[in-house]
Amino acid sequence: MPIYFSFGYKDWRELKNMEINVKFDSRSTERRKGLQLCLLYFMTEVCLSSQQVLRIGGIFETMENEPVSVEELAFKFAVTNINRNKTLMPNTTLTYDIQRINVFDSFEASRRACDQLALGVAAVFGPSHSSSVSAVQSICNALEVPHIQTRWKHPSVDNRDTFYINLHPEHASISRAILDVVQFYQWRAVTVVYEDSTGKWGHVLLYYRGYNLHFYYIITHPFSDSHYSLH
1 MPIYFSFGYK DWRELKNMEI NVKFDSRSTE RRKGLQLCLL YFMTEVCLSS
51 QQVLRIGGIF ETMENEPVSV EELAFKFAVT NINRNKTLMP NTTLTYDIQR
101 INVFDSFEAS RRACDQLALG VAAVFGPSHS SSVSAVQSIC NALEVPHIQT
151 RWKHPSVDNR DTFYINLHPE HASISRAILD VVQFYQWRAV TVVYEDSTGK
201 WGHVLLYYRG YNLHFYYIIT HPFSDSHYSL H
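Numbering of the sequence shown is given in UniProt numbering, commencing with residue 1 and proceeding in unit increments.
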């Protein structure tokens, strides 16, 4: 019983490019059926055992006294946990490419995002500063690559793009959570510390109208020691 095999590609994993030609003696019907079942079983095992590697990109801002940001540590921790739980993404292994940039450097953020997209990343995570986020989001939206964000959502800017996922809670959810804490401890005065004066906390504090609460506001820059307060 002569058997001939010819393959269009040398790698067994590339089954879509594989061609198998088998010639049997006409008198060996049972052997033919047995061999066909063996080949089918073998090809099924190859398909099931093949692992897909999915690369995602992470762009994180760093400071001189902080070589690794909290966002980067959380990012690595999440990828490690997903890879350990084989039920979440069967036959898929996550890997990442991390790029670190200086704060407020939108040009560098754009360049690093282009480098990661050239590597074939499936999604881009970060950065967190508004100017850098806008630059990376525009690139991802143009190339239709998901952009994962953790910053405060600005509807007037973000609604124009579609290829992004914002994991930051809505201001209404934050307002309810803060109010629950204030009411639980029966506070009458609250100090609010935030990082910029863009007015986003104004939407949150409007939620507390009608409550007997007195707020103190402190605006502080996240990357310097200077701050000022409003009463």
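Idealized CB from N, CA, C, for every residue including glycine.
Small disclaimer: the values here were computed from a predicted structure and weren't measured.
Query, Result
"CB contact flag (residue 92, residue 52, <7 Å)", "yes"
"Extent of the continuous beta strand (DSSP E) run through residue 147", "147–149"
"Buried versus exposed, by CB contacts within 10 Å (16 or more), residue 68", "exposed"
"Cβ pair residue 123, residue 174 closer than 7 Å", "no"
"Sheet register partners of residue 71 (DSSP bridge)", "According to DSSP, which records beta bridges pairwise, residue 71 is partnered with nothing at all."
"Inter-residue spacing [alpha-carbon to alpha-carbon] between residue 233 and residue 117", "Given a span of 1 to 231 for the chain in the structure shown, any question on residue 233 remains unanswerable."
"Per-residue DSSP class, three states only, for residue 211", "coil"
"Short Cβ contact (7 Å threshold) for residue 142 with residue 110", "no"
"Collapsed DSSP secondary structure at residue 121 in the structure displayed", "coil"
"Backbone secondary structure at residue 64 - three-state DSSP", "coil"
"Outcome for residue 137 when other beta-carbon atoms lying within 10 angstroms are tallied against a minimum of 16", "buried"
"Nearest to residue 78 (by Cα), restricted to the options 107, 163 and 94", "94"
"Close beta carbons around residue 83, own chain, < 7 Å, minus the five adjacent residues each side", "93 and 94"
"Buried versus exposed, by CB contacts within 10 Å (16 or more), residue 114", "exposed"
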